[in-house]
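Input: a single structure, listed below in structure tokens.
Protein chains: 4
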Amino acid sequence: MKHFDYEFRVRYGDTDKMGISYYANYFVWFEAARTEYFRALGLPYTVCEEKGYFLPVVETSAKYLAPSTYDDLLIVRTSVAELRQSSMRFEYQVFKKEDQSKAYPILCTGFSVHVFVDRNMRPCRMPEEIRGIVTEHRLL
Amino acid sequence: MKHFDYEFRVRYGDTDKMGISYYANYFVWFEAARTEYFRALGLPYTVCEEKGYFLPVVETSAKYLAPSTYDDLLIVRTSVAELRQSSMRFEYQVFKKEDQSKAYPILCTGFSVHVFVDRNMRPCRMPEEIRGIVTEHRLL
Amino acid sequence: MKHFDYEFRVRYGDTDKMGISYYANYFVWFEAARTEYFRALGLPYTVCEEKGYFLPVVETSAKYLAPSTYDDLLIVRTSVAELRQSSMRFEYQVFKKEDQSKAYPILCTGFSVHVFVDRNMRPCRMPEEIRGIVTEHRLL
Amino acid sequence: MKHFDYEFRVRYGDTDKMGISYYANYFVWFEAARTEYFRALGLPYTVCEEKGYFLPVVETSAKYLAPSTYDDLLIVRTSVAELRQSSMRFEYQVFKKEDQSKAYPILCTGFSVHVFVDRNMRPCRMPEEIRGIVTEHRLL
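Chains as they are written, first to last, in my numbering: chain S, 1007 to 1146; chain D, 1007 to 1146; chain C, 1007 to 1146; chain U, 1007 to 1146.
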């Protein structure tokens, strides 16, 4: 698994008066995609938190190439682009499921960088268990 | 103080593709109004939580009489309609600030019922301190 | 089809500092459930809007019986409880998918009442086409 | 006016189960700050839209240096960092109002790039009227 595809529908409340998806919602979708990515690895993020590891976002960014709107069936293609001692970087591509086979379907690209912290919000090294699983699946 | 007026602007992201404020956001505004109501009583809700009292919502409702939209300057008029052993009920009226003096300006009415719980989410009696402050201000 | 089950995961951003799903989000989920209900009837809400029919909410309500939290797999069981000349009423029950077979699994109940309006937001009668489809499926 | 300070309170629903403000909400606050920036220039964004100019976001980014939480009184310091033929770039700094006089108070920095489009979402040149007002106020 080099990437994971998270599929969802744009909700009515995700749109704004311009008739398109409000820009901040893409970051909500990135987060939902991360959740499903971890689950697909066999490592639900809820389990990480139970073990005392948290992954707050330290940087995020998005470029908007084309709009989406209500009821669009979208995919957030998610991959881990970088693994460091105590941080990791996800990259995202958003496109319409129906455009999947076409030439330039990307609506939005983005990334997020996360650091590992413990229950007291102090930075810590990425647990070996997590590093192992993520590394293994990146190489498949 | 029989009621408290919370004033705010509708944000772009609060609207939907119908061009009006999305219905769920009124509940977010009710909550912001409750926060300012408690602060006006001299009893910030953050202090309640520090003391170990939480006030989850057990019921809420809204009627939508007329729409609002982006950049409207709205007021949520908030009052405490009921005080029981371990619960309280807020009522809300939303209107445009500019319509304040006109005849039928109400855009939305609503209410919320809250129970007092402790840190373990177990129901508890309303603390006397809170009852005292709320009662006193209702009578002014 | 007497009811329709909409299934989804609670997102991280849906929670609040109390550690549970923020109350206003249930109304967002109700709306997503309505969308899937219409699609299941063979009448996507996007098609209604293209034909010039809109269904703004005029009243909504929720009772919160037990909390949900991040990553819970929830179901919103949705049914049409009332059809009038120009309005309809949906009812909702929210429960955890894993609790489906247990005795008292309901986390939240709610309803919403909608009126039919045209492109100019003027009330209109429910189109026969919609009445037909909804009536037919209620009787199955 | 080289910059504009937008002041607001973090709402309960803006937090997540980590106890801090959810990362996507900073982009909602950036947008509210832009709205107030335009108003301070004497050019409400609603007027821009009435004249047929829209300013969708084409890129945005945020770095999170320290968390904020419920009821924090925050400031988004907003400035126009770049004016091009058909685009403009805003920059943001978020800090607690009470930290304003201290040494390293910044919680979050970010930017957003916007293009001018007409009613049909076609890119267009920035109207001279807007360029004039923004340029003038940047030089004060």
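Yeah, the Cβ is synthetic: ideal placement off N, Cα and C, and Gly gets one too. Predicted model only: the values in this text are computed from it and were never measured.
Inter-residue Cα distance where the pair is residue i and residue j
{"i": "Asp1124(D)", "j": "Gln1091(D)", "result": "14 Å"}
{"i": "Glu1025(U)", "j": "Gly1138(U)", "result": "Correcting the residue identity first, residue 1025(U) is Gly in this sequence and not Glu. The alpha-carbon atoms of Gly1025(U) and Gly1138(U) are separated by roughly 44 Å."}
{"i": "Val1034(S)", "j": "Glu1142(D)", "result": "43 Å"}
{"i": "Phe1036(U)", "j": "Cys1130(C)", "result": "39 Å"}
{"i": "Phe1150(C)", "j": "Ile1112(D)", "result": "Given that chain C is displayed from residue 1007 to residue 1146, the structure contains no residue 1150(C) and the question cannot be resolved."}
{"i": "Ala1030(S)", "j": "Phe1096(U)", "result": "16 Å"}
{"i": "Leu1049(D)", "j": "Arg1015(U)", "result": "16 Å"}
{"i": "Ser1027(D)", "j": "Glu1135(S)", "result": "46 Å"}
{"i": "Glu1088(U)", "j": "Arg1144(U)", "result": "10 Å"}
{"i": "Tyr970(S)", "j": "Arg1128(U)", "result": "Residue numbering for chain S in the displayed model covers 1007 to 1146; residue 970(S) lies beyond these limits and cannot be assessed."}
{"i": "Cys1054(D)", "j": "Gln1106(C)", "result": "36 Å"}
{"i": "Leu1061(U)", "j": "Phe1122(U)", "result": "5 Å"}
{"i": "Ser1093(S)", "j": "Thr1041(S)", "result": "17 Å"}
{"i": "Val1140(D)", "j": "Lys1108(D)", "result": "30 Å"}
{"i": "Thr1084(D)", "j": "Asn1126(D)", "result": "28 Å"}
{"i": "Pro1133(S)", "j": "Pro1133(C)", "result": "59 Å"}
Beta-carbon gap between residue i and residue j smaller than 8 Å
{"i": "Thr1052(U)", "j": "Lys1023(C)", "result": "no"}
{"i": "Ile1009(U)", "j": "Val1063(U)", "result": "Here residue 1009(U) is His; the residue named in the question, Ile, does not match the sequence. Not closer than 8 Å, so no."}
{"i": "Ala1068(D)", "j": "Thr1066(C)", "result": "yes"}
{"i": "His1100(C)", "j": "Val1082(C)", "result": "First, the residue type needs correcting, since residue 1100(C) is Val and not His in the sequence shown. The answer is yes: Cβ separation under 8 Å."}
{"i": "Tyr1043(C)", "j": "Cys1114(C)", "result": "no"}
{"i": "Leu1080(U)", "j": "Lys1057(U)", "result": "no"}
Residue i - DSSP class collapsed to helix/strand/coil
{"i": "Gln1120(C)", "result": "The question names Gln, but residue 1120(C) is His in the sequence shown. In the structure shown, His1120(C) sits in a strand (DSSP, three-state: E or B)."}
{"i": "Lys1103(S)", "result": "helix"}
{"i": "Arg1137(S)", "result": "helix"}
{"i": "Cys1130(S)", "result": "coil"}
{"i": "Tyr1028(C)", "result": "coil"}
{"i": "Val1053(U)", "result": "helix"}
{"i": "Asp1020(S)", "result": "helix"}
{"i": "Thr1075(U)", "result": "coil"}
{"i": "Arg1040(D)", "result": "helix"}
{"i": "Arg965(D)", "result": "Chain D is shown only over 1007 to 1146; residue 965(D) falls outside these bounds and no answer can be derived."}
{"i": "Arg1144(D)", "result": "helix"}
Residue burial classification, residue i (beta-carbon count within 10 angstroms, cutoff 16)
{"i": "Arg1017(S)", "result": "buried"}
{"i": "Gly1019(D)", "result": "buried"}
{"i": "Leu1146(U)", "result": "For Leu1146(U), the predicted model reports a pLDDT of 46, less than 50, meaning its position is unreliable and no value from the coordinates is stated."}
Pick from the options that is closest to residue i, judged by C-alpha positions
{"i": "Tyr1098(D)", "options": "Ala1039(D), Ile1136(D), Pro1133(D) and Gly1019(D)", "result": "Ala1039(D)"}
{"i": "Ala1046(C)", "options": "Glu1088(C), Tyr1012(C) and Phe1117(C)", "result": "Tyr1012(C)"}
{"i": "Glu1104(C)", "options": "Ser1093(C), Asp1078(C), Thr1084(C) and Glu1088(C)", "result": "Asp1078(C)"}
{"i": "Ala1072(C)", "options": "Thr1084(C), Ser1093(C) and Tyr1032(C)", "result": "Tyr1032(C)"}
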